[in-house]
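Asks: Residue numbering for the sequence shown follows our numbering, starting at 333 and increasing by one per position.
Note that the Cβ used here is the ideal one computed from N, Cα and C, for glycine as well.
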Amino acid sequence: AELSQVIKLVFRKALDEPHYCQTYADMIVILQQKYPEFPPETEGGRPQTLVRLVLNTAQEEYEALPKSIVPTEEQEEKFKGDKEGLDQEMGRQKKRLLANMRFIGNLYLRRVLAHAIVGAVVNELVLSKETPEELHVDCALTLVKTIGHTLDNDEKGKGPALVKTFLMRLRELEQRKIYSSRCNFEIKNMVDLQRNGWTEKAKHEAAKTLKEVHRNSRQPTNTLGTVLVGARPKLVLLNKTPKSPAPVQVEVEIDLKKPRNLVEYFADDGDAAALVEDWRALKMTDAQAALAVNDTIQRGVEGKAKKIPEAFKALVDGDVVPLKIIQVECK
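(1) Roughly how many angstroms separate the alpha carbons of E409 and R612, rounded to a whole number?
(2) Which ranges would you report for the alpha helix (DSSP H) in the region 349-400 if only whole runs of at least 4 residues count?
(3) Check this for me: beta carbons of K490 and D600, under 7 Å apart or not?
(4) Checking 7 Å against the spacing of the C-beta atoms, do L439 and L430 come in under that value?
(5) So, are the CB atoms of E532 and V561 less than 7 Å apart?
(6) Measuring only the C-alpha atoms, how far is I362 from L475?
(7) Excluding sequence positions up to five away, which residues of its chain have a Cβ less than 7 Å from the Cβ of D587?
(8) Is the region 587-596 touching the region 614-632, taking contact as three or more C-beta pairs under 8 Å?
(9) Are there three or more Cβ pairs, one per stretch, closer than 8 Å when the region 366-378 is compared with the region 448-455?
(10) With DSSP collapsed to three states, give me the class of T531.
(11) With a threshold of 16 other CB atoms inside 10 Å of the CB of L655, please say whether the residue is buried or exposed.
(12) If contacts are defined as beta-carbon pairs under 8 Å, then I339 and T389 qualify, I think. What distance do you get, rounded to the angstrom?
(13) What's the gap between the Cα of L335 and the Cα of D651?
(14) Measuring CA to CA, which of Q507, V383, L502 and K509 is closest to M522?
(15) Could you give the distance in angstroms between the alpha-carbon of S460 and the alpha-carbon of H351?
(16) Quick one: what's got a C-beta closer than 7 Å to D484's C-beta in the same chain, skipping five residues either side?
(17) For chain B, check one thing: does any of its Cβ atoms lie closer than 7 Å to the Cβ of L483?
(18) Which of the three DSSP states, helix, strand or coil, is assigned to V653?
(19) With DSSP run on the structure shown, which of helix, strand or coil describes V559?
(20) In angstroms with no decimal places, state the Cα-to-Cα distance between R344 and Q354.
(21) How long is the line joining the alpha carbons of T478 and P371, rounded to whole angstroms?
(22) Where does P403 sit, in a helix, a strand or coil, going by DSSP?
(23) Output yes or no for whether 7 Å exceeds the beta carbon distance between A605 and K566.
(24) Count the other CB atoms within 10 Å of the CB of T555; is the residue buried (16 or more) or exposed (fewer)?
(25) Quick check on the burial criterion: 16 or more other C-beta atoms within 10 angstroms. Buried or exposed for E393?
(26) Secondary structure at R344, three-state DSSP: helix, strand or coil?
(27) Are the CB atoms of P595 and A643 nearer to each other than 7 Å?
(28) In angstroms, rounded to a whole number, what distance separates the CA positions of E583 and I629?
(29) Classify D649: buried if its beta carbon has 16 or more other beta carbons within 10 angstroms, exposed otherwise.
(30) With a threshold of 8 Å on Cβ separation, who are the neighbours of T482 within its own chain once the five nearest residues in sequence on each side are excluded?
(31) Helix, strand or coil: which one does DSSP assign to R501?
(32) Which whole-angstrom value is the C-beta distance of K515 and E465, which I expect to be below 8 Å?
(33) Quick one: is L341 buried, meaning 16 or more other Cβ sit within 10 Å of its Cβ, or exposed?
(34) Can you list, in chain order, the residues of its chain whose CB lies under 7 Å from that of D627, leaving out five sequence neighbours each side?
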């Protein structure tokens with residue numbers, strides 16, 4: 333129950349402070365690494381996973397937000413005679429809805445939410461309706477832009493097909509001239525962005541650490557670079573402190589399914605950085621790592637046996653599995 337409240341608090345902060353939604357998404361990843369599963373709340377119940385809590389919270393937040401920015405009777409009564417206050421309230425609701433799209437996108441980029449969730453949201457907003465609300469088009473544009481490069485380059489998934497269908501739908505809606513000039517401009521910008529390989533000029537600075545601010549202050553500021561829109565973060569590190577000598581550990585039984593699943597994920601997406609960090613998060617001893625490597629070799633990865641050596645090389649290069657273990661277990 334406590335963790336569920338923490339997840340809801342993180343979601344609330346991400347929607348109230350969209351400028352930091354990437355940071356809050358990283359917080360979810362760190363929580364997932366530290367607390368992947370929890371015992372059932374009732375005897376005989378199923379264990380809870382953090383991913384399931386995140387999915388439930390994301391669904392609750394999405395369903396709770398307004399699907400159109402039209403004042404309710406209560407709001408009109410509350411702001412009676414205060415048009416400026418009512419406009420500000422409507423603007424706040426729209427910003428919160430768009431922030432939810434950005435947060436969902438950032439969770440997808442960090443592999444917390446699956447492709448099916450993103451596809452379902454885009455379908456509900458734009459693809460399944462004859463004439464979507466302009467607000468729904470804005471939401472879909474925000475979500476797809478947040479994950480554009482990653483979704484469009486998902487060679488082994490359905491991402492490129494979703495992007496193609498979405499862009500065709502946008503062109504159709506834009507040609508009907510039913511939305512504001514601003515919305516039509518955003519649609520054209522999305523089409524151009526995909527055509528340009530999801531690169532655009534860096535217009536807005538992301539949140540920076542104090543160290544980054546100091547470093548940038550010593551560099552020229554008149555240069556204008558480009559940014560890759562919707563790219564997956566390279567690394568999400570659980571612990572960035574320098575390595576220290578490993579303490580003596582007592583051998584405990586390890587669930588071999590977890591490391592085997594990581595190799596299967598790598599076989600699907602080829603993301604070596606994610607494999608290394610997820611493997612490191614398991615905190616296995618050398619003996620446990622040897623068991624995991626042997627189990628992977630014996631059971632294999634269905635239909636993708638050629639990917640196993642690549643996975644082992646990534647683990648060795650990432651300094652999470654000693655080369656001697658691979659050599660011994662592969663004999």
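Replies: Reading off the structure:
(1) 56 Å
(2) 353-366 and 382-396
(3) no
(4) no
(5) yes
(6) 23 Å
(7) none
(8) yes
(9) no
(10) strand
(11) exposed
(12) 5 Å
(13) 32 Å
(14) L502
(15) 30 Å
(16) G491, P492, V495, Q526 and W530
(17) The structure shown has no chain B; it contains just one protein chain.
(18) coil
(19) strand
(20) 14 Å
(21) 34 Å
(22) coil
(23) yes
(24) Because T555 carries a pLDDT of 46, less than 50, the predicted location of this residue cannot be relied on, and the following value inherits that uncertainty. Answer is exposed; the Cβ neighbour count stays below 16.
(25) buried
(26) helix
(27) Residue 595 is actually Val in this sequence, not Pro. Against a cut-off of 7 Å, the Cβ pair of A643 and V595 comes out as a contact.
(28) Confidence in E583 is poor, its pLDDT being 41 and thus under 50, which makes the residue's placement unreliable; the coordinate value appears in the next sentence. In a straight line, the C-alpha of E583 is about 22 Å away from that of I629.
(29) exposed
(30) Y440, L441, G491, G562, A563 and R564
(31) helix
(32) According to the sequence displayed, residue 515 carries Cys and not Lys. With 8 Å as the limit, C515 and E465 do not qualify as a contact, their Cβ atoms being about 10 Å apart.
(33) exposed
(34) L588 and R592
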